[in-house]
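Going line by line, the protein sequences match chains A and B.
Numbering-wise (the numbering used here), the first sequence opens with residue 37 and increments by one.
Numbering-wise (the numbering used here), the second sequence opens with residue 460 and increments by one.
The beta-carbon is built from N, C-alpha and C at its ideal position, and this holds for glycine as well.
To start, the structure itself, in structure tokens.
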Amino acid sequence: MKLRMLGSGLVSVVALAVGMGVAHAKSDLTIALQLEPPHLDPTSAAAGAIDSVLYSNVFEGLTRFGPDGSVNPGLAESWTVSDDGKTYTFKLHSGVKFHDGTDMTAEDVKFTLDRARAEDSQNAQKALFSGIESVEAVDPLTVKVTLSAPDGSFPFNMAWGDAVIVAPETIGDIKTKPVGTGAFRFSDWTQGDKIELEKNADYWGTPAKLDKATFKFISDPTAAFAAVMAEDVDAFAGFPAPENLPQFEADPRFQVLVGSTEGETILSINNKLPPLDDIKVREAIAHAIDRQAIIDGAMFGYGTPIGTHFAPHHPDYVDLTANSAHDPELAKKLLAEAGYPDGFTTTLKLPPPSYARRGGEIIAAQLRAVGIETEITNLEWAQWLEQVFKGKDFGLTIVSHTEPMDIGIYARPDYYFQYQNPEFNKVIEDLTLANDPEERSALLKQAQEMISKDYVNGYLFQLAFPTVANAKIKGLWKNQPTQATDLTAVHWEE
Amino acid sequence: MLRYFLKRLLSLGLSLVAASIVIFLALEVVPGDPAAYMLGLNAQEDTLAALRQELGLTGSILQRYLSWTGGLLTGDFGVSYTYRTPVAEMIGDRLWVSLPLALYALTLSTLIAFPAGIWAASRRGSYVDASVMGVTQLGVAIPNFWFAMLMVLVFAINLRWFSAGGFPGWDAGFFVAMKALTLPAIALALPQASILTRVMRSSLLDTLGEDFIRTARAKGLNRRQALWRHALRNALIPVLTIMGLQFSFLLAGAIIIENVFFLPGLGRLVFQSISARDIIVVESIVMLLVFAVIMVNFAVDMAYALVDPRLRRRR
Chain A
37 MKLRMLGSGL VSVVALAVGM GVAHAKSDLT IALQLEPPHL DPTSAAAGAI
87 DSVLYSNVFE GLTRFGPDGS VNPGLAESWT VSDDGKTYTF KLHSGVKFHD
137 GTDMTAEDVK FTLDRARAED SQNAQKALFS GIESVEAVDP LTVKVTLSAP
187 DGSFPFNMAW GDAVIVAPET IGDIKTKPVG TGAFRFSDWT QGDKIELEKN
237 ADYWGTPAKL DKATFKFISD PTAAFAAVMA EDVDAFAGFP APENLPQFEA
287 DPRFQVLVGS TEGETILSIN NKLPPLDDIK VREAIAHAID RQAIIDGAMF
337 GYGTPIGTHF APHHPDYVDL TANSAHDPEL AKKLLAEAGY PDGFTTTLKL
387 PPPSYARRGG EIIAAQLRAV GIETEITNLE WAQWLEQVFK GKDFGLTIVS
437 HTEPMDIGIY ARPDYYFQYQ NPEFNKVIED LTLANDPEER SALLKQAQEM
487 ISKDYVNGYL FQLAFPTVAN AKIKGLWKNQ PTQATDLTAV HWEE
Chain B
460 MLRYFLKRLL SLGLSLVAAS IVIFLALEVV PGDPAAYMLG LNAQEDTLAA
510 LRQELGLTGS ILQRYLSWTG GLLTGDFGVS YTYRTPVAEM IGDRLWVSLP
560 LALYALTLST LIAFPAGIWA ASRRGSYVDA SVMGVTQLGV AIPNFWFAML
610 MVLVFAINLR WFSAGGFPGW DAGFFVAMKA LTLPAIALAL PQASILTRVM
660 RSSLLDTLGE DFIRTARAKG LNRRQALWRH ALRNALIPVL TIMGLQFSFL
710 LAGAIIIENV FFLPGLGRLV FQSISARDII VVESIVMLLV FAVIMVNFAV
760 DMAYALVDPR LRRRR
């Protein structure tokens with residue numbers, strides 16, 4: 037940092053002087069994120085910010101997500117499934133040590149899984165573990181997990197940040213002093229400001245290329261812009277001001293990576309509230325929406341249109357945007373058929389993110405064009421959770437569902453948009469029981485089509501994930517298959 | 460003097476009790492469940508219940524009020540719902556940023572306002588007076604976050620003299636830390652200095668019109684001598700009042716500036732805690748700020764008494 041304060045002339049002299057020798061690559065990195073983790077235990081909060089800092093860097097699970105969203109071996113080098121699909125036997129890597137020097141064994145895996153599914157568990161994704169009947173440490177490197185029913189997505193579930201392996205000795209302090217098995221160890225946290233990680237010299241796998249990584253937290257979009265421009269930070273993952281991206285793209289000092297996320301941004305509809313309980317009304321809403329106008333207006337062009345609740349980068353994705361193509365005339369016709377030739381009035385409750393606030397204004401205008409009036413209310417997150425998510429007191433709302441592969445929420449009887457379709461539930465049930473990849477793929481496609489044709493929600497776009505970084509940094513993840521900032525392969529290139 | 464002091468002390472205590480009740484009740488009625496906020500969209504009911512139990516969100520309102528205020532009296536501010544660290548510790552850490560920032564800004568604003576105000580008052584109606592009044596008019600009108608962004612643009616992005624924000628901590632060295640606080644302090648001080656200059660000027664002019672100044676002039680002092688020897692001290696009362704108010708404002712109201720410069724201060728903590736429904740943190744910080752405001756007012760009252768002997772005798 038301080039070097040930059042010298043005149044550029046002096047810098048070139050220094051550069052000339054060392055030019056003949058081997059250039060010494062920078063080995064530390066300061067990366068900024070918008071949100072600070074509330075604490076550092078990924079297994080007892082839903083805050084994506086915890087995973088953003090710790091997933092894969094400090095903590096590892098039995099399996100892990102790759103940059104493309106695939107499920108790869110993690111602490112388990114391999115696993116087998118019994119013929120009835122109920123018993124998973126994981127073979128653990130040998131020589132894995134926690135950062136405190138103790139060995140990671142099958143007992144730690146048993147402790148982790150039993151803790152997550154316990155009655156008083158505070159795991160935000162407890163459902164991932166609810167199918168586990170028993171966990172057995174066969175020998176120090178073998179774990180046998182018995183499920184109450186076959187579950188084809190079990191290895192996927194174990195790749196979540198909420199399923200990382202923790203040790204009983206260090207669990208007491210995990211919220212402030214996390215001890216994992218990853219390529220980086222936790223070193224320091226200045227609350228409100230930054231978290232520092234350092235390279236784990238005893239890592240069992242491919243060692244990290246950086247010696248030190250600092251996560252800084254900058255929530256204000258204007259401040260984020262200033263910090264990157266002034267080169268106070270080397271990279272910003274999830275850059276919050278898309279309107280500034282063209283400026284960075286034009287500047288040779290920076291590179292801009294625009295990746296995809298698991299965040300389906302949808303206009304959620306209260307399927308039980310009249311007149312929204314009428315499928316024709318919901319279909320009319322779907323046709324009234326011009327997705328591209330919302331992406332351009334609210335997201336400055338960043339985002340991929342979707343027609344169902346599924347990530348477009350997934351191999352099983354079906355493009356169903358045609359089911360709800362922008363057609364205001366058809367929307368008006370459908371409204372008339374449903375008995376609302378003059379439209380109706382409903383509520384539109386918006387949480388704080390800009391995709392919702394800015395997108396909400398645009399959607400309100402588009403709905404007004406076909407006769408639907410919306411009363412817009414801006415809510416904070418806590419209020420939104422209380423009123424909309426828990427209280428189901430809403431007509432329409434806009435929210436991004438960021439959990440990976442979460443189409444199963446449509447089978448939940450009490451979920452906030454209150455969709456109920458026994459046929460759909462059956463598809464999800466079959467999916468859970470299926471282990472055969474082709475069968476699973478067919479079922480996933482069927483599920484996508486059902487919710488698209490039932491017009492459960494207005495499907496808007498897949499949230500983009502922009503990262504702005506110094507042009508010399510290599511190895512950053514572009515996509516966000518889970519909310520991670522995996523730095524294990526990041527390095528500086530001269 | 461002692462009676463005056465004791466009376467003030469009693470009203471101070473009553474204000475604190477009243478404030479604690481108002482703060483507690485106000486935050487109790489705000490909707491939003493901290494446990495739901497923490498566990499997100501996929502949480503199951505039993506998980507939420509387990510967390511609520513652990514956070515102590517299950518007792519009656521009276522029970523919770525008593526345990527909160529009881530804790531405050533013994534210096535135990537409770538444990539943050541989201542961060543899970545003791546609130547007193549968190550506030551302590553943040554005060555090491557916010558308090559120096561507030562003092563820095565107050566010092567800057569005083570250093571600007573006193574000379575400028577006296578200068579303008581001593582040359583009332585002149586070209587100097589008009590320009591000072593014009594500049595301060597502008598200073599009052601410009602929002603400080605806008606001015607802050609302008610400074611970031613010029614001094615951090617273009618000139619690279621300062622970083623765009625952040626705080627290296629006092630461990631990094633006094634001057635490094637002070638440097639990081641300089642742009643935010645200037646941004647905060649500018650509007651304050653403008654207000655203070657105007658108050659200083661008009662208060663001095665009012666005092667110069669009073670009888671005792673006429674007497675002093677009649678005894679042979681010229682206008683400037685009268686100003687320095689007699690008027691200044693008496694003109695300080697309204698200035699002190701404003702300074703007291705400004706200090707409380709600077710401590711509590713730096714939220715926007717702390718966000719623009721991403722400083723880990725108290726204002727930013729309040730902001731985060733409100734949105735996360737970390738009510739115990741919000742309650743404690745608001746209580747602390749109320750305490751600070753009341754104490755500053757108390758100190759200002761005491762200062763009045765020192766400056767103006769009539770006050771101690773009258774009460």
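The beta strand (DSSP E) enclosing residue i, as first and last residue numbers
{"i": "V107 of chain A", "result": "V107 to P109"}
{"i": "G8 of chain A", "result": "In the structure displayed, chain A extends from 37 to 530; residue 8 of chain A sits before or after that span and is not available."}
{"i": "S170 of chain A", "result": "I168 to D175"}
{"i": "G295 of chain A", "result": "F290 to I305"}
{"i": "F220 of chain A", "result": "F220 to T226"}
{"i": "N414 of chain A", "result": "E409 to N414"}
Spatially closest choice to residue i from the options, by CA coordinates
{"i": "K428 of chain A", "options": "A:L403, A:T383 and A:G395", "result": "A:T383"}
{"i": "L475 of chain B", "options": "B:L531, B:R511, B:Q503 and B:A762", "result": "B:L531"}
{"i": "S88 of chain A", "options": "A:A263, A:R327 and A:H75", "result": "A:H75"}
{"i": "T182 of chain A", "options": "A:G167, A:N193, A:P176 and A:D175", "result": "A:G167"}
{"i": "N307 of chain A", "options": "A:E459, A:D450, A:E155 and A:L366", "result": "A:D450"}
{"i": "T438 of chain A", "options": "B:N501, B:I672, B:R553 and B:T533", "result": "B:N501"}
{"i": "L722 of chain B", "options": "A:K252, A:T206, A:D270 and A:Y338", "result": "A:K252"}
{"i": "I715 of chain B", "options": "B:E742, B:L647 and B:L663", "result": "B:L647"}
{"i": "T24 of chain A", "options": "A:E232, A:A219 and A:G295", "result": "What the structure shows of chain A is the stretch from 37 to 530, and residue 24 of chain A is not part of that stretch, so it cannot be assessed."}
{"i": "T566 of chain B", "options": "B:A644, B:F483, B:P545 and B:I744", "result": "B:A644"}
{"i": "Y376 of chain A", "options": "A:V264, A:K316 and A:D287", "result": "A:K316"}
{"i": "I733 of chain B", "options": "A:R327, A:I330, A:E416 and A:L366", "result": "A:E416"}
{"i": "V292 of chain A", "options": "A:L303, A:E300, A:A277 and A:I305", "result": "A:A277"}
{"i": "G337 of chain A", "options": "A:Y391, A:L512 and A:L403", "result": "A:Y391"}
Cross-chain neighbours of residue i in chain A, by beta carbon under 8 Å
{"i": "A495 of chain B", "result": "A418, L421, E422, F425 and K426"}
{"i": "D492 of chain B", "result": "A418, L421, E422 and K426"}
{"i": "M549 of chain B", "result": "Q227"}
Neighbouring residues, chain A, relative to residue i (Cβ below 9 Å)
{"i": "T541 of chain B", "result": "P74, H75, A81 and A83"}
{"i": "S734 of chain B", "result": "P388, E416, W417 and A418"}
{"i": "D588 of chain B", "result": "Residues of chain A passing the Cβ test: none, with the nearest at roughly 37 Å."}
Whole-Å CB distance - residue i paired with residue j, under 8 Å assumed
{"i": "D224 of chain A", "j": "G625 of chain B", "result": "Not confirmed; about 15 Å, so no contact."}
{"i": "L371 of chain A", "j": "A320 of chain A", "result": "5 Å"}
{"i": "V658 of chain B", "j": "P627 of chain B", "result": "V658 of chain B to P627 of chain B, Cβ: 35 Å. No contact."}
{"i": "G102 of chain A", "j": "H350 of chain A", "result": "About 13 Å; that fails the 8 Å criterion."}
{"i": "G703 of chain B", "j": "L560 of chain B", "result": "About 17 Å; that fails the 8 Å criterion."}
{"i": "A259 of chain A", "j": "A623 of chain B", "result": "7 Å"}
{"i": "A690 of chain B", "j": "I701 of chain B", "result": "Actually they are not in contact, since the Cβ atoms of A690 of chain B and I701 of chain B sit about 17 Å apart, beyond 8 Å."}
Whether residue i touches residue j by CB criterion (8 Å)
{"i": "V145 of chain A", "j": "I201 of chain A", "result": "yes"}
{"i": "A160 of chain A", "j": "A82 of chain A", "result": "yes"}
{"i": "V492 of chain A", "j": "I509 of chain A", "result": "no"}
{"i": "M486 of chain A", "j": "E465 of chain A", "result": "no"}
{"i": "L510 of chain B", "j": "Q498 of chain A", "result": "no"}
{"i": "G491 of chain B", "j": "L71 of chain A", "result": "no"}
{"i": "S568 of chain B", "j": "Q651 of chain B", "result": "yes"}
{"i": "V660 of chain B", "j": "G576 of chain B", "result": "Before going further, note that residue 660 of chain B is Arg rather than Val in the sequence given. In this structure, G576 of chain B lies closer than 8 Å to R660 of chain B by Cβ."}
{"i": "A20 of chain A", "j": "F290 of chain A", "result": "Lying outside 37 to 530, the shown extent of chain A, residue 20 of chain A is not represented and no answer is given."}
Host alpha helix (DSSP H) of residue i (start-end)
{"i": "N461 of chain A", "result": "P458 to L469"}
{"i": "D665 of chain B", "result": "F633 to L667"}
{"i": "L516 of chain B", "result": "It is not in any alpha helix (DSSP H) - L516 of chain B carries neither H nor E in the DSSP assignment."}
{"i": "L128 of chain A", "result": "Segment T123 to L128 is the beta strand (DSSP E) holding L128 of chain A; no alpha helix (DSSP H) there."}
Partners in chain A for residue i, counting only beta-carbon separations shorter than 7 Å
{"i": "V611 of chain B", "result": "A262"}
{"i": "Q503 of chain B", "result": "K162 and A163"}
{"i": "M608 of chain B", "result": "T258"}
{"i": "A615 of chain B", "result": "A262 and A266"}
{"i": "T641 of chain B", "result": "Those within 7 Å of T641 of chain B in chain A number zero; the least Cβ separation is about 15 Å."}
Proximal residues of chain B, C-beta to C-beta of residue i below 9 Å
{"i": "S255 of chain A", "result": "N718, F721, R727, F730 and Q731"}
{"i": "S157 of chain A", "result": "D505, T506 and A509"}
{"i": "G274 of chain A", "result": "Those do not exist, as G274 of chain A stays about 15 Å from chain B at its closest Cβ, beyond 9 Å."}
Under 7 Å from the C-beta of residue i: neighbouring residues of chain B
{"i": "K252 of chain A", "result": "G625"}
{"i": "T212 of chain A", "result": "T544"}
Contacts of residue i in chain B (Cβ-Cβ under 8 Å)
{"i": "M194 of chain A", "result": "None at all; the shortest Cβ gap to chain B is about 16 Å."}
{"i": "E439 of chain A", "result": "L500 and N501"}
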